[in-house]
Structure formats: C-alpha cells, structure tokens
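For the sequence shown, the numbering used here assigns the number 137 to the initial residue and increments by one for each residue that follows. Built from N, CA and C at the ideal position, the CB exists for glycine as well. Read through the structure below, which is laid out as structure tokens, and then see the notes.
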Amino acid sequence: MTEVLLIRTDGEVVPLEHTGGSVPVDRGQSIRRTCTVTSADVSLIPSTPMDKLAMYGSRLRISRGVDYGDGTQELVPLGVFRLDEVIGDPSDGPVTLTGKDISACVADDKFTSPYRATGTVVGAIEAIILRSLPDATVISTIIDVPIGARTWDVEADPWAAVQEIAAAAGAICYVNPDGIFVVTTLPDLLTTDPVWAVEATEDGVYVRGSRGMSADRVHNGVLARGESAENNLPPVQWLATDTDTGSPTYWGGPFGRRPMFYSSSTLTSVNACQAAANLKLAASKAPNSKGDFSSLPNPALECGDVIRVTHPDGLRELHQVQSFGVPLDEGGDFPIATISAKEDA
C-alpha cells in the first residue's frame, strides 16, 4: 500500500486518493528525491488565486508499506516534497502532482548578496540550510572539522555551496526520507555489510538485470587543492589515486592516468584536501563498473546502500546503489541502477 499526504500551508493534512506515480531517487542529481503522483480528483487543480496561494508552500509526505488487513499498517517514508506543480484535465482528469525534496528550497534561495562561510563544516552547512528553512533539522555523523573562509557571489547556488563545504570533511549532505538534512560520508563498498540481497532464486526478489563497464567520465585520480588568501595560509594539495593493483582503473595500469581537479578555499590543510580528493575519487572512478536491475520493491532502500546481487548464473556481486524508483502502485516496476560492482567471494 502507499500513502500520500498533502500538508497545506495552514497546517491541514489531507490524505490524497491516488492512482499511481513514482518516487525517483538519484544521488547523481543535485536534488536527490523527486516525486510524481497521479490522482482522479480534479478538485486538486487550483482555479482561484487563493487556491494557488494554498498550493505554493504545500508539501507532500509519501510512504509505502504493508496493510496487514487487520487494521494495522507498516509504512516506510519515501520523502517529504515541496509541491511544485499541479496539472491535469479540469473536467475528466487525471491530475498530476510533482514535487522535489526540500533541498530544492535551499537551492532556489539564491544568494542576493555575497555570502561568506566560516567556522566548521557542520556549522557552516547548518547556517546555509537554516537561512532558507528556519525549522529544518540537520544531523551529522561525521567528525566536524574547520574550513577556510569562503565567499560566494550573488546568484550562487546555496545547495552547491553546502556540498562544497561538506567535501572539506570528505562528506555529502542530502535530505533523507523523513525530511531531515543529513551530513555523512558514503559507505565503503568493501567494508560495509550489504543491507539487502537481490537474488535470482526461487524465493528471491530479482526480476531481471544487466551488468557492464564504461570508461565514460571515469577518472582514477583527483588532485584537490586549497588556497585561502583571506586566512593568509599557504596553498595545500593532495593527489588521491586508485592504488588497488587489482582494480581495472589502477593508476598507472592499462587504464592509464586520467586525473580530475578540484579546488576550494574551504580546504586549508593537507588532511582536508585528502578528504575531499578521496570523496571525489570514489565518485569519479565508480561509474566504470555498473549494473541495472529490476526487483520487487524495497521502499527502505537508500542511495549509497550496499546490496548483494545474485545473478541467474549464480555469480554473486556487491553493488552500491546509485539510483532507484519506487512505484506508487502495486504492479509498478522497481528499477535499481548501481555503481562500483565487485565480485562477492
């Protein structure tokens, strides 16, 4: 079962009858979670200025789970979304509602004057988020570290600024399904236990899949540099490379040397450069090995999760989730795209 709640600007919570839709989740996109909901209720289409005013600022809270048939339910949150569009045939429907997770509120609130960030990673991130969403909750699982002063120009994207600041600690920031901002590091494919098994067995959830490799936009080295004239600190840098001799993208192996470059004045130490370089390297070398699968839905999945995939021929691999889409109807497909595939011995 699925549940869609419309949270109006006046605080009223309205359950929405819906006929379908989906929640795509992709950590490769600036806005990680988006949603599309279809409904037969044409009264959802705004027809007056007051209706439009009520839509702007409204949110959708979407969940999927199990109805046990005895009056009890178990629901897993899929996200809290800013309602961006309502469109449909006003006579016969259907009506389509689309939304983005609330990081879009930060991204759209562009700087209208130069913005200066100082202090620590978590403190600077909180300041930017609370500037746009004063009631937001920000949690961190990282060890907080200082940053160099950084000033963004007028028109700059605050959400991009958040990611730049997070990189100084080798971290990322995203909005989780509960609508909470999370500052954390990506799980390591080789040291993280799989959270789910997608198996092509009699009782497994594997439906179909493909696996491949690509050198497109793949880098096996990242040179991260930092220089802060404002703090009167000398330039610092760190070159992170793929040092795994068994890796197809080994630095200096047949793949060659394909570096990318990253710089930020938030990086004021070699340690900060190393953290940022390792973060960027993990993302830039990962696409060389990837998979696309379809399985029975798992609404609790999160981007970055490590899953174990067992193919029809018995081959077992560990994959890191890059993106997936949760259907809002019972028969919907559940596509999963992964990166960083490794054989699981």
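- Membership of Glu335 in the beta strand (DSSP E) is indicated by the continuous run 332 to 335.
- If you draw a straight line from the Cα of Val281 to the Cα of Ile261, it comes to about 12 Å.
- Of all alpha-carbon atoms in His355, Val445, Asp187, Arg361, the one lying nearest the alpha-carbon of Trp332 is that of Val445.
- In the pairwise beta carbon analysis, the stretch 354 to 370 is classified as touching the stretch 393 to 409: at least three pairs are separated by under 8 Å.
- The stretch 343 to 383 contains, as complete beta strand (DSSP E) runs of 3+ residues, the segments 357 to 362, 372 to 377 (chain order).
- By the CB criterion at 8 Å, Arg200 and Thr256 fall outside the cutoff.
- With fewer than 16 other CB atoms across the displayed protein chains lying within 10 angstroms of its CB, Gln165 is exposed.
- When secondary structure is reduced to three states using DSSP, Met137 falls in the coil class, being assigned neither helix nor strand.
- Taking 8 Å as the cut-off, the beta carbon of Ala263 is found no closer than this to the beta carbon of Asn367.
- Each of Val258, Thr172, Leu211 was checked against the Cα of Ile223, and the nearest Cα belongs to Thr172.
- According to the DSSP assignment, Ala307 belongs to no alpha helix (DSSP H), since it is labelled neither H nor E.
- Counting along the chain, Glu262 sits inside the alpha helix (DSSP H) bounded by residues 257 to 268.
- For His447, the closest C-alpha among the options Leu180, Lys236, Ser431, Thr254 is that of Ser431.
- Between Thr145 and Ile283, the gap from beta carbon to beta carbon reaches 8 Å or more.
- Under the three-state reduction of DSSP output, Ser179 falls in the helix class.
- Cβ contact annotation for His455 (same chain, cutoff 6 Å, sequence separation greater than five): Gly427, Ile443, Val445, Thr474, Ala477, in chain order.
- Inter-segment contact for the stretch 405 to 415 and the stretch 459 to 468 is absent: fewer than three beta-carbon pairs are separated by less than 8 Å.
- Across the structure, Phe247 and Ile143 are spaced so that their CA atoms are roughly 28 Å apart.
- Contact annotation: the stretch 184 to 191 does not touch the stretch 345 to 354, with fewer than three C-beta pairs closer than 8 Å.
- In this structure, Thr155 lies away from Thr184, with their beta-carbon atoms at least 8 Å apart.
- Here the stretch 212 to 222 makes contact with the stretch 308 to 324; the two share three or more CB pairs at distances below 8 Å.
- Residue ranges of uninterrupted alpha helix (DSSP H) with 4 or more members, entirely inside the stretch 194 to 246 and ordered along the chain, are 239 to 244.
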